[in-house]
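Below is one structure, written out as structure tokens; comments come after it.
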Amino acid sequence: MSWHILGAGALGSLWATRLARSGVPVRIILRSAQRLIDYQHAGGLTLSEAGQSSFHSIAAELPDATTPIQRLLVACKAYDAEAAIAQLSPRLANSCEILLLQNGLGSQQAIAERWPQVRCIFVSSTEGAYRDGPMQVVFAGRGQNWLGDPNGGSVPSWLGDLDQAGIPQIWSSDILTRLWRKLALNCAINPLTVLHDCRNGELLQHREQLAALCEELSTLLEANGQATAAIDLHGEVLRVIEATAVNYSSMYQDVRLGRRTEIDYLLGYACRSAYSLGLVVPLLHDLHRQLREHLSLRGLPTD
Ligand code: NAD
Ligand code: KPL
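Under the UniProt record's numbering, the first residue of the sequence shown is numbered 1, with each subsequent residue one higher.
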């Protein structure tokens, strides 16, 4: 059975090349005829890893191809994921499984609600990749992938494909807790790096602001029934900042490169969730407002 990969950006290419080189059948779905022509011209995807490059000639198609899809990895940004799957809707088999790699929360639930007949597997990834040219991906940071089905159910047999491809994976029985924890970390760190215009490590000069934000985020997690995700959040935020001190956060890089951020699936989701629970989180609302103003001034979408 072939894997289909929707979105041949950084993470999509990283998964596609590792699956393909291990002999797992994989096809990538490109967004436009022009992209397909460019891809065919390049002949495949190039993966750079630990200073070594490898070339992978992977089959590619457009969303309107007609072959049914049984297993789909969605590697688009959170704001593109639902519309991208909608283009494939007629091709989704009843027994289809969709893996959702998106950061934050909100896009996954919207997709699961819209296609109740398919099994949605949520993924939380700490692997790092970036594109350094068309059809080229750099594997920038080793990490882990936690996969899980928020509705429970059996462990998928295709996890063996990931092992075969050297894609690290852990099946998680509490994937929502993992995603909430990552959302909280990203809400504490990423917006502040944008607003203070700094690397992660420089946030240690704003310890009081971080501590107060973590307190609100912990309250929000607990109110959402995610008490486990709230345990020692502040401590982990400080540890992540120290471990990634010289890095610029992903949101900082998006803003610097003039790219749309995933703010609506991070701070936006946090603020909407607090509102729906009647929880007062003034610091989160203020941070969200300041960040939207910052984006707006730079001509970037505020959602
Ligand atoms: P990316 O922008 O590099 O790739 C997204 C790709 O999706 C692009 O190539 C885009 O053209 C494509 N796309 C959008 N709409 C499409 C459509 N309708 N049909 C086909 N393709 C379409 O993004 P990325 O960095 O790979 O991130 C993907 C997701 O993974 C994000 O939610 C991100 O937060 C998350 N993530 C990324 C990393 C990383 O290191 N890059 C790490 C962890 C999580
Ligand atoms: O995940 C991150 C990101 O840059 O998106 C870090 C900085 C590690 C935590 O917010």
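Backbone N, C-alpha and C define an ideal beta-carbon position, used for all residues, glycine too.
Since we're looking at a predicted model, the values are computed, not measured.
With a cut-off of 8 angstroms on Cβ pairs, the segment 13 to 23 is in contact with the segment 157 to 173, counting three or more such pairs. Residue Q136 holds the alpha-carbon nearest to the alpha-carbon of G44 among I189, E97, Q136, Y275. Leaving aside the five residues that flank R178 on each side, the residues in its chain whose CB is nearer than 7 angstroms to its CB run, in chain order, S124, W146, S172.
Counting along the chain, the unbroken alpha helix (DSSP H) around E222 starts and ends at 207 to 223.
Three or more beta-carbon pairs separated by less than 8 angstroms are not found between the segment 209 to 224 and the segment 242 to 252, which leaves the two stretches without contact.
For I231, the three-state secondary structure derived from DSSP is coil. In the structure shown, the three-state DSSP call for I170 is strand. Between L92 and I69 a beta carbon distance of about 6 angstroms is seen, short of the 8 angstroms cut, so the two are scored as contacting.
Look at the beta carbons and you see the segment 209 to 220 not touching the segment 126 to 135: under three pairs across the two are nearer than 8 angstroms. Taken atom to atom, the span from the alpha-carbon of L266 to that of L283 is near 14 angstroms.
As for any alpha helix (DSSP H) of minimum length 4 sitting wholly inside the segment 32 to 118, the runs are 33 to 42, 78 to 86, 107 to 114, ordered along the chain. Straight through space, the alpha carbons of D303 and W180 are spaced by roughly 19 angstroms. For D132, the uninterrupted beta strand (DSSP E) run begins and ends at 128 to 133, by DSSP.
For ligand 2, the residues with a Cβ under 6 angstroms from any of its heavy atoms are, in chain order, L185, N186, I189, N190, N200, V240, T244, S249, S250.
Between P63 and R31, the C-beta gap is smaller than 9 angstroms, which places the two residues in contact.
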